[in-house]
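Worksheet: the structure to be examined is printed underneath.
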Amino acid sequence: MDAEAQHTERDRSSHPAGSEEISDTEGTEERSRFALVDRAADWLPGGRITLTVLFCLFFLLLLSRFVIQPFEIPSGSMEPGLRIGDRVLVNKLAYRFGAEPRRGDVVVFDGTGYFGDADYIKRVVGVGGDHVVCCDRQGRIEVNGRSVDESTFLFPGDKPSEVSFDVAVPDGTLFVLGDHRGDSSDSRDHLGSPGGGMIPVDDVIGRAEWIAWPLGHWTRLERADDYAHVADDHYARVPAATGRGAPAVTATGRGAPAASGPSVADGVHG
């Protein structure tokens, strides 16, 4: 046998006999998948276009359910940053892998049993273990002994609060305020209610990340910088609040804290 014949024999023997069978099997499975798509497209009015639209809607549904959800702002409680009619995109994964809300974050939460039967959007002012006081000698809110300059996001002409308070935030809860303090029903209005106006971290839906609509107002919502300099205050730590009790709190000022929840108009619509 000459050299050329030997090479030919080796080339043929170098390919396993089963390779053609595997290729045929993969090809059959691929054709079967395409056949299923074709049958589904034939069954639907509009064919592949309708199938593509349904797939996109299903994908958006999953995205909205588990990752990003839009909410509409129906009130002026977060002005000037968030205006009536704005649509914000809320990151629902922001606090799902060990991270927790931080001071200065703008969050959406379920207010059922605390604020009212609706979802609300507010700014986190105090987290579990914080000591929040209003106000210092310059009229600013004080967190763990540090005065916070909120002038970059407060509604023009508003004071940090017309109600004086001294609050120890229980572990696992948040003390939240609207940026338009003169037009916001928030933790201040429930200081004397069960739970003391605190929001359980478990009821936070996510962190507001973007203003998506209208396009002219498109912007990223940044965390307020001044809160980043506030240190933890372990002296203020108290057990987590329950539905029957309230955290350590005193409040004075513009009348007694409201016992009833805010109007649903102060919430957000998903």
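Take the sequence shown: its position 221, counting from 1, is numbered 426 in the numbering used here, and each next residue is one higher. Glycine included, every Cβ here is placed at the ideal spot set by N, Cα and C.
Could you give the uninterrupted runs of the beta strand (DSSP E) lying entirely in the stretch 327–395, keeping only those of 3 residues or more? 336–339, 368–373, 378–382
Per the DSSP calculation, Phe276 is bridged to which residue(s)? Note: Phe276 is bridge-paired with Val293 in the DSSP secondary-structure output.
To the nearest angstrom, how far is it from the Cα of Gly290 to the Cα of Ala299? 24 Å
Could you check how far apart the C-beta atoms of Val374 and Gly334 are, in whole angstroms? I think they sit under 8 Å. 7 Å
In angstroms with no decimal places, state the Cα-to-Cα distance between Val372 and Arg393. 10 Å
Going by DSSP in three states, Gly400 sits in which element: helix, strand or coil? coil
What does Tyr325 pair with, by DSSP beta-bridge criteria? Phe314
Secondary structure at Ala429, three-state DSSP: helix, strand or coil? coil
Mark Arg217 as exposed unless 16 or more other C-beta atoms lie within 10 angstroms of its C-beta, in which case mark it buried. Residue placement at Arg217 cannot be trusted, given a pLDDT of 46 that sits under 50; what the coordinates show is reported in the next sentence. By the neighbour-count rule (16 or more Cβ atoms within 10 Å), Arg217 is not buried but exposed.
Range of the contiguous beta strand (DSSP E) that encloses Ala417: 409–418
In this structure, does DSSP put Val473 in helix, strand or coil? strand
Within its chain, find whatever has a CB closer than 7 Å to the CB of Asp388; leave out the 5 residues flanking it on each side and keep chain order. Gly281, Ser282
Find the nearest neighbour of Asn296 within the set Arg288, Gly286, Asp437, Val312, judged by alpha-carbon distance. Cα-wise, what sits closest to Asn296 is Val312.
For Gly402, which residues from the same chain have a beta carbon less than 6 Å from its beta carbon, with the 5 sequence-adjacent residues on both sides left out? Ser392, His395, Leu396
Option nearest Val473 by Cα separation, candidates Ser352, Gly321, Asp363: Gly321
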